[in-house]
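Comments concern the structure below.
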Amino acid sequence: MNKISYLRKLLYFAYKHNPILAVFPIISTISVLAELLAMMSLVPLSVIGTGQGINPQDPIVKVLNLIHLEPSPKCLVMVFCSLFIFRIVTNILGQNISLKYGKKVLAQLASRAFCNIVKHCKIEEIEQKSIGHFISLAGDESFRSSMIVIELHQLISISTLGILYFALIFWYSPVTAISVFLFLICSSMLMGTTFRRTHQLGITQIQQSKSASTIFLDALNGLRTVRSFFAEDFVVDAYQNSMQSYTKTLYKIDLINILIKFIPIAFLFSALAIFMVTGLFDKYAGQGLNFVFIITMILFLMRFFPVVGQGLNVLMRLISDAKAARDVIEIIDSQQGKRLGDRVISDKITSLSIQDLTFSYKTGSPVFKDLNFNFESGKSYALVGPSGVGKSTLFNILAFLTDVQGGDLLINHESHKKFEIESLRKKVMLVEQESIIFNDTIFNNINLGENYSSEKIKKACQVACIDEFIDGLTDGYEFKLNYQGQNLSGGQRQRIGLARAVLRHPDVILLDEITSALDESTKRKVVESVLAHFRDKIVIFITHDRVVTELVDVKLNLATMEAQEIKQAS
Ligand SMILES: Nc1ncnc2c1ncn2[C@@H]1O[C@H](COP(=O)(O)OP(=O)(O)OP(=O)(O)O)[C@@H](O)[C@H]1O
Ligand SMILES: [Mg+2]
């Protein structure tokens, strides 16, 4: 995505969701025009102040005469004050719109980024980039992107004001305007390096923010490990170093911004002082150069240069935030994720075949190569094999959470690529060894935003053999679970995860070591219950456990691809 297209997309997103933002340029143009007129009304005032007669050709004097008002000092002061008050009020109004809707854009960007990360980002990619990266993307970077929208609006009003002031200076004194223009051209050449430096600092700042978030999150998620190994100082030091580097970069960016804002005006006064000290003023005095001219120019330039400085300042912030906007827009753009075919699968999945399946993660050699096997409904399987052989990876592929790379996955003897992925995913449920628990009630943790009835949820909990435990709780299904389910045992969390899958009636159920935290008798009870409930479906366990391998129909070793039929005692 090139530099302009992501800005265009960002603005399109902001305006599409908040059309009222379009009012801002109109209000700000009216506001800057008011300021300009106010400043122009000071010119006849300064003429009167130096004891000279009023110039009847002065545009403000002309307007006052036209509406039959005497251009007296009192009247001119009134005009100045009224226009400036109008300028301030409209400025506040415009800024309010820009800030209010800028914040809305922040909420919209962050929510959309989060939505797309959750729905469309590949799981391997998320794992590779670290959670901190994505927290920053939906947080800090979305904030900076929304700031770009505000900054672009500010830039519109500042540039309009700057251009109008320049035109005014040119109208009063073309020589001064040309000198100012040349000065700005020379300065902007020097600015090029500063722009690049600011952009670099912006990128560094984002990386540092991401690394700080990652340390923070890892430490809190693994607090038990951190404390049991006395690694508190290790993580605190890492976080402290990360925050120090982050704030150092922030300081550098802010310093550049301050310098940029004040340097032009400092140059102006230096030039004026040189002009006076070297006697150049005396030399040209009388040839159109007098104190009224000097005061008028100072008035205009004193507003013009801060406006230029302010414009540069906003531009600098825009440049330092550019990387953030690019990252956020890239995520927002990746809306639909990967699509397979269009056909919605309505038939029951009775056969799931892997055909010459090959897979490797980006970083390593192939996890497995040319795998072939056919899973059929009405049968249960135990997938075994040494640690790291690729059992969980195969499950991710079977659950359509990871893309097929080499070979194919056949659904009822047809390539899975013909079907709409969402409809396939509804028919295959994966239960992980460590089921994620949300900080909510047991009911909501199983229901997960759907509309299942209490009876159905209770039935699913019976199949998962967790109903008795829940019934024994004071609040029953309304019992509130803590962060990461810390008020449950590992085995209880596993069975909550199992109940979620049972509730959704999949045709294929993939169970990744879901009995690892259970005692021998509960293990047998859970496995028998699952096998009875899903007897006409495809049930695949990943396990290292003899209790499970004895109860299933087929034991498949992923390392050798040997399948062994288990004779069930009837
Ligand atoms: N997200 C990932 N990125 C890169 N490599 C990965 C990723 N996940 C797993 N691997 C690698 O792929 C291989 C297979 O991992 P997988 O988790 O599928 O093994 P497993 O058979 O389930 O092992 P275990 O029995 O220990 O759970 C391992 O070598 C592992 O290091
Ligand atoms: Mg595994």
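Residue numbering for the sequence shown is 739 to 1308, as defined by my numbering. For every residue, glycine included, the Cβ atom is placed at its ideal position computed from N, Cα and C. None of the values given here were measured: they were computed from a predicted structure.
Query	Result
Nearest candidate by alpha-carbon position, reference N1189, set L1236, R1242, L1219	R1242
C-beta atoms of R1231 and I1184 nearer than 8 Å	no
Length of the line joining the Cα atoms of Y839 and S769	19 Å
Proximity of M778 and R1041 at Cβ, strictly below 8 Å	no
Beta-carbon proximity list for S1091, same chain, < 6 Å, skipping 5 on both sides	N1112, L1148
Same chain, Cβ closer than 7 Å to S1118, five either side skipped, listed in chain order	L1269, V1277, V1290, D1291
Residues that T1179 bridges to, as DSSP identifies them	K1218
I1278 CB to nearest heavy atom of ligand 2 below 7 Å	no
Environment of N1110 [buried if 16+ CB atoms lie within 10 Å]	exposed
Environment of Q833 [buried if 16+ CB atoms lie within 10 Å]	buried
S1173 beta carbon near ligand 3 (any heavy atom closer than 7 Å)	No copy of ligand 3 occurs in the structure displayed; its ligands are ligand 1 and ligand 2 alone.
Touch test, the segment 1144-1161 against the segment 1212-1225, Cβ-Cβ under 8 Å, three pairs minimum	no
Cα-Cα separation, E1216 to T1179	5 Å
Backbone CA spacing between Q1200 and L1211 [nearest angstrom]	15 Å
Per-residue DSSP class, three states only, for L1056	helix
Residues near L844 in its chain [Cβ-Cβ closer than 7 Å; skip 5 each side]	S880, F881, S884
Ligand 2 heavy atom lying under 7 Å from the CB of D975	no
Nearest residue (CA-CA) to K1061, options A957, F1000, L939	L939
Reduced DSSP secondary structure (H/G/I, E/B, other) of V770	helix
Distance, A1301 Cα to S1173 Cα	28 Å
Selected residue, minimal CA-CA separation from D1094, among K842, M1299, I855, Y744	M1299
Nearest-angstrom Cβ-Cβ length linking K990 and G1047, presumed shorter than 8 Å	That belief does not hold up - the Cβ atoms of K990 and G1047 are roughly 18 Å apart, past 8 Å.
Continuous alpha helix (DSSP H) assignments of at least 4 residues falling wholly in the segment 1124-1193	1129-1136, 1159-1163, 1180-1185
Proximity test, G1235 beta-carbon vs ligand 1 heavy atom, cut-off 7 Å	no
Check: V1127 C-beta below 7 Å from any heavy atom of ligand 1	yes
Backbone secondary structure at L902 - three-state DSSP	helix
Proximity winner among V887, F921, H937, relative to P757 (alpha-carbon distances)	V887
Inter-residue spacing [alpha-carbon to alpha-carbon] between P1104 and I896	57 Å
Of the listed residues E1266, E1303, I1252, V781, nearest to H1282 (C-alpha basis)	I1252
At least 3 beta-carbon pairs within less than 8 Å: the segment 783-794 vs the segment 912-922	no
Reference A1004, options S925, V1265, S849, K948, closest by Cα	S925
Sub-8 Å separation of F1157 and I1083 beta-carbons	yes
Short Cβ contact (8 Å threshold) for S980 with A950	yes
Between the CA atoms of K1261 and R1284 - distance to the nearest angstrom	11 Å
Whether L1249 touches I1280 by CB criterion (8 Å)	yes
For F1097, the residue or residues it bridges with in DSSP	F1106
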